[in-house]
Amino acid sequence: MRFAFTDEQAMFRDTIRDLFADLCPPEAVRAYTQGDARRVEGLWAALAEIGVLAALAPRDSGGLGMNEVDLIRILEEAGYAAVPEPLMEHAAVAVPALASAGSDLLEPALTGQSTVTCALETGPVVAGLVVDAIVAQVGDDLLAAVTSWDAAPLSSIDGSRRLGEVTFDGSAPLIGADAVLASDRAVLGTAAQCIGVARRLLDATVEFTTQRHQFGKPVGSYQAVKHHLADVRIGIEFAAPLVYRAAWSVSRPTLGADTRGRDVSMAKAAASDAVDRACRGALQCHGAIGYTYEYDLQLWLKRGWVLSAAYGDARRHRKRVAESLGI
Amino acid sequence: MRFAFTDEQAMFRDTIRDLFADLCPPEAVRAYTQGDARRVEGLWAALAEIGVLAALAPRDSGGLGMNEVDLIRILEEAGYAAVPEPLMEHAAVAVPALASAGSDLLEPALTGQSTVTCALETGPVVAGLVVDAIVAQVGDDLLAAVTSWDAAPLSSIDGSRRLGEVTFDGSAPLIGADAVLASDRAVLGTAAQCIGVARRLLDATVEFTTQRHQFGKPVGSYQAVKHHLADVRIGIEFAAPLVYRAAWSVSRPTLGADTRGRDVSMAKAAASDAVDRACRGALQCHGAIGYTYEYDLQLWLKRGWVLSAAYGDARRHRKRVAESLGI
Amino acid sequence: MNLDPEPRHVEFRHECREWLNTHKPTVPIASMDTLEGFEEHRRWERVLFDGGWSVPAWPTRYGGRDCDLIEWLIYEEEYWGSGAPGRVAANGLSLLAPTIFNFGTSRQQDLFLPPMASGEHIWAQGWSEPDAGSDLAAIKTTAIRDGDHYVVNGQKTWCSRGAFADWIFCLVRTDSDSRRHDGLTYLLVPADTEGLERRTIGRLDGVPGFAELFFNDCRVSVDNVVGGEGRGWKVAMATAGSERGLSLRSPGRFMAAAERLTAMVRDMVDRGEAVDPTLRDEVANIWIRTQAYRWQTYLLAAGLMDGAEIGPEASLGKVFWSELDLELHATALRLLGETAEVANGNDWLDGYVFALAGPIYAGTNEIQRNIVAERVLGLPRR
Amino acid sequence: MNLDPEPRHVEFRHECREWLNTHKPTVPIASMDTLEGFEEHRRWERVLFDGGWSVPAWPTRYGGRDCDLIEWLIYEEEYWGSGAPGRVAANGLSLLAPTIFNFGTSRQQDLFLPPMASGEHIWAQGWSEPDAGSDLAAIKTTAIRDGDHYVVNGQKTWCSRGAFADWIFCLVRTDSDSRRHDGLTYLLVPADTEGLERRTIGRLDGVPGFAELFFNDCRVSVDNVVGGEGRGWKVAMATAGSERGLSLRSPGRFMAAAERLTAMVRDMVDRGEAVDPTLRDEVANIWIRTQAYRWQTYLLAAGLMDGAEIGPEASLGKVFWSELDLELHATALRLLGETAEVANGNDWLDGYVFALAGPIYAGTNEIQRNIVAERVLGLPRR
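Protein chains in written order, with my numbering: chain R, 1 to 327; chain U, 328 to 654; chain D, 655 to 1036; chain L, 1037 to 1418.
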């Protein structure tokens, strides 16, 4: 019983954090989000190079044979950097699904030649306009590997989503992967990103309110601001462990789907609440400047809003927890 | 269209406020609550004398022919003074019910020779151990005038409740009064008391935090305390008008029971939330001293807790509003 | 107390509703934050004015109907309930007009009020500066007297409608040695004044919701001072009261939104879609709070009509309506679920972004709560 | 990361559960705030001690089992899950013991720890004073050196267990000229010291939950100073850390309460009673937050076992568990509806009254949030 990340996991996290800081600064996020850039220059190749894309594929199929615990802090960092590409959908959901199915779409996905998203819920598909393939849920719990489809563009409040209203015919081959597991992976990965977004919003707001003066004092010295931000910090402090714990649960094939599902839903419920609180606190403590399109805070605010609802909002996951508790 | 009380109504309110301050100070509330006194010395007679008990009975049956709008501020003041006797049950529910039924129990109730409570919900009866008669709901919407019953005492967190587990046989005469109207009157009267309790908690806390110093400053000068109490004030500011408006609706026999019921439920939902917030804010801003039995604040805290739930808590009444909105 | 509408009110409401239903644009018009939409909204102001429904609470000689407060509240309920376009003239009508009525010379009243009512002059507010937000008294923009003009230099920001407005009502420092609340003056500046440059600022979703204004040696006539040189703070605070209070955000606006919200839930129910009971509870709560704001306002109105003044109590309302508006729209988005993010034709999302500014502008809600605590409750300042 | 319990943990948990189920009182015992109940609880402490389950985390030579932090957390989960009585020795064990282990002389350790573990000495805290609550440094009680004794004069209040405790651990001012944090000393006072008077204070429901202590020329041996004269603040703050942190309120206590809460809802469902869906949502949220506290604690424990220190982060936990506890019990009362007020055998009501003190004691949550903001986030003090 040891609830801690290994030094290797911490180093991997730090490496990726630096990589995001290098290759995916706010300007890059903004360019992608505004549609000025089709992709984040050099990022996908670098992620393939360093093994993030292949993390969840077993070694014998060309992957790194890592598990969700190894990847969870990476996805958290993706939220912290507001990485606009479908990294979670590709690395955390599509790759393990394609691997377990032995699909020939796996290899280009590992090398980064292709980008694969997933379509596990009704409604628009993230990056549906950008990707080369889609791992789509069909029927109750079957997955199909879709390579040709029609996508009608839909604009999201968060431009980085590149939403597509996707339609495809029945010719897409079914792949023998577990759709419930895929869905739990997407929920978990989204929860991790929520934590990262919340951390960034908090850091940015602490910095801003320390610099910004009103009435001759730093804004951050007012007790009301202090308590807003303390509550943001508390929300993150007690949501993150549930996310890490759920990563462990998903990484344990022996664990029952019920327990796994409950752990994942607890993580998303807490992470959605944490990022919601972070969005409110960050905007209110910034004041008008935080409300502008020109100022970078909006990149994280919008990411927070969409990820809080993506793959089920807090109440939907609390409902799932309630059912699993038999109440 | 004029949403304001008349000068007469304001004067009546002020008179009763002074009367409560005279005859029902905290020591009297405490004595009654602790069971040291069977009744509040002289209060009931004075209320009969001044006409509060007879307010809602028509003149031709010996009453003052007032309506709920005339009485609502009186009940609010009863909350402000934490009047421990079943004034609301007697004056706002039993008297109009007995009057409309032409019951011979009315006359002693108007003169104050008798005290009558009501039993409109399942569960223990307020003042069931004290009163001379009970207006009880039997079946779906019938009322009975009960004069003999067995009452097993139940202790409440608020000792002033004098709760009784009441049982009576079928011999009690039915009275032809509207049980739904009686219930709406009880909900309305409880909402008004909630507002009064909340106002008293706020006044007491403003006074305390202005006197009490910590770290060389008045506690009330800290922004966290200011914002707690501002929120208490805002809660009261926007709940009270719904209570007054509901009083008007109940006073209009022409108004449909649906509209009346919705107005009453809106009032109770808002008043319960307001007094809950007042209880939290008052205790937290007082700190340890407010948590003690010796300090009078507890008299209002407990009254707030029980009245917030009495005759339906906020969520039950929001549910009723939702149904009336067809959602 | 008498909550039965008087016959004249019933009639007034009916007339207002009829007129709006007959004259309101049949198709939605473009956003007032685009040049095209701004002019469409200006034309709508003119239609309102010609129909006598632009400024019903104003005296008839300025194009109004001498409505009393109750009638004005009814008008607002009908206006927002009708789904008519937003008021591009709102800043002038609710923030500046009360000031001109209270502090303006009769010449200023004759000069500025009629074109404000007709939409000929659309006004923007020029108060905030990069370093003077919540702390308005930190204003740096100077207006130095030179003959019968002031020479204005400085920068203003967060000016709603500022991009296309015809006039700006500003707070400037006419005594450059003065500090804080002293030496400020309330000055009306034509937007076409030479040396005045504007730059639009996008709100969260990129819509250019405000402008920054740069004053470079702008010469403004001394006749454009309202309330006297150096008395700007006092004059402005009178407006701030109305900004927080009734005139900016009347209950009618939120009642209409709450109606749309409950209608959305009813439609979901009718379509047999599952509505999460916790959301049903939230919607009921929103509806109750909207009614609470309505009745608190009618209570306040009766007091005002009896001669009471609206003081720091205005801050109670500002906190309440701004947080109600935010939760109302957040609830709507929760009802939409994962499609809430889709911007295409999503009025709730647009309304949410707008509502997010509510707890910030016109004095942050933190400032408002301080005012409630110190000036309504009387808690010690320090 | 490995969340599979090690065999030794499984065994430990099993052994602990077995022992508690065999030895815990079969009938509920009286409140520890009555003399009778106090002594019953003291006897239970002795039973725990004899079974080796009183202080499992202590060294064996003081009656412990040298448990590591993980085992202690398991022990706490089992202890509270078993429904065994509350710990009348809790104040000594969680607030004083860490201080004696860290700052006490070996003589003091030998003298005070064994009787604390066995329940022979029940300790109460004597820190707060009428004018020194949140502002602890305002302590006025003096202890003036006189030979090998101190002469103590002053008043302490809010002393849980203070009515019947055998010993009091106090903060006193040994330098009467000193101010604020200087000149304070951590002093252990026998409750039977001549001149020490106690008066009980009732909590909200009248239960005598605390005592006031009046010191009139009480002579206390200088041997009873912990950590050296004048170093009381530093010594006390180390305890304050543990007071806010793990040792006072471990997750096990709240996990057990959350289990009872969910069980109550399941019973209602089984009995076919309607459960308001908004309450079902609240209960799920309570359960999630309890698990959040549990896993945050295991994460913290791994860090501590790697040599990390628990600093201001302790304040995060204090805010979280105290507000969780309050909402947990408030939710239970809402489930009980209008019968929630009935005190007869209503453990939820008793627990609610107890929980109401949580956001106040051990430093109000306002103070805790200041600490989080200033010392965890690094926001400017002023």
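No residue lacks a Cβ here, since even glycine has one placed at the ideal position from N, Cα and C.
8 Å contact criterion, which residue i and residue j should meet: CB distance rounded
i: L120(R); j: A192(R); result: Rounded, the Cβ-Cβ distance is 17 Å, inconsistent with contact.
i: A322(R); j: R1316(L); result: 5 Å
i: V546(U); j: T536(U); result: 4 Å
i: F1356(L); j: I234(R); result: 6 Å
i: F703(D); j: S772(D); result: 4 Å
i: Q34(R); j: G128(R); result: Not quite, the Cβ-Cβ distance comes to about 18 Å (not below 8 Å), so this is no contact.
i: A567(U); j: I522(U); result: 5 Å
i: D459(U); j: T442(U); result: 6 Å
i: R940(D); j: L970(D); result: For the sequence presented, residue 940(D) should be read as Ile rather than Arg. Rounded, the Cβ-Cβ distance is 18 Å, inconsistent with contact.
Cβ pair residue i, residue j closer than 7 Å
i: A177(R); j: S100(R); result: yes
i: D468(U); j: A421(U); result: no
i: G1263(L); j: F1148(L); result: no
i: H775(D); j: D820(D); result: yes
i: R1255(L); j: V1187(L); result: yes
i: G717(D); j: P710(D); result: no
i: A424(U); j: L470(U); result: yes
i: Y840(D); j: A778(D); result: no
i: G65(R); j: L110(R); result: no
i: D1241(L); j: V1389(L); result: yes
Chain-ordered neighbours of residue i on chain L, where CB pairs are closer than 7 Å
i: R642(U); result: D1312 and T1314
Contact set for residue i: own chain, Cβ-Cβ below 8 Å, skip 5 residues either direction
i: N675(D); result: S736
i: G281(R); result: L201, L202, T205, H228, L229, D231 and V232
i: L515(U); result: E395, I399, A419, V570, A573, A574, V577, V591, A594 and K595
Chain R residues whose Cβ lies nearer than 7 Å to that of residue i
i: T1298(L); result: L325 and I327
i: R827(D); result: Residues of chain R passing the Cβ test: none, with the nearest at roughly 17 Å.
Residue i (DSSP reduced to helix, strand or coil)
i: F3(R); result: coil
i: E699(D); result: helix
i: K810(D); result: strand
i: A28(R); result: helix
i: I1396(L); result: coil
i: K217(R); result: strand
i: R834(D); result: coil
Sequence-distant residues of the same chain with beta carbon closer than 6 Å to residue i, five excluded per side
i: S1170(L); result: T1400 and I1403
i: V328(R); result: No answer is possible for residue 328(R): the residues shown for chain R start at 1 and end at 327.
i: S592(U); result: H644, R647 and V648
i: A1247(L); result: C1195, G1198, A1199, R1234 and T1236
i: A310(R); result: T190
Partner residues on chain D for residue i, Cβ-Cβ distance less than 8 Å
i: D1167(L); result: Per Cβ cutoff of 8 Å: no residues; D1167(L) is ~18 Å from chain D at best.
Heavy atom of the ligand MG within 6 Å of residue i beta-carbon
i: H90(R); result: As for the ligand MG, it is missing from this structure, which has no ligand bound.
Under 7 Å by beta carbon: chain U residues contacting residue i
i: Q223(R); result: Y549, Q550 and A551
i: H227(R); result: A551
7 Å CB neighbourhood of residue i in its chain, flanking five on each side removed
i: C606(U); result: L528, L628, G631 and W632
i: P1395(L); result: S1358, E1359, L1362 and N1401
Interface partners of residue i on chain R, CB under 8 Å
i: R857(D); result: Y291, T292 and Y293
Partners in chain L for residue i, counting only beta-carbon separations shorter than 9 Å
i: R233(R); result: L1352, V1408, A1409, V1412 and L1413
Amino acids of chain U, ordered along the chain, whose beta-carbon sits closer than 9 Å to that of residue i
i: E1374(L); result: E448, T449, G450, P451, V633, A636, A637, Y638, G639 and D640
Cross-chain neighbours of residue i in chain R, by beta carbon under 9 Å
i: F1356(L); result: I234, E237 and F238
Near-chain C residues of the stretch 870-893 of chain D - C-beta to any C-beta below 7 Å = Here the protein chains are R, U, D and L, and chain C is not one of them.
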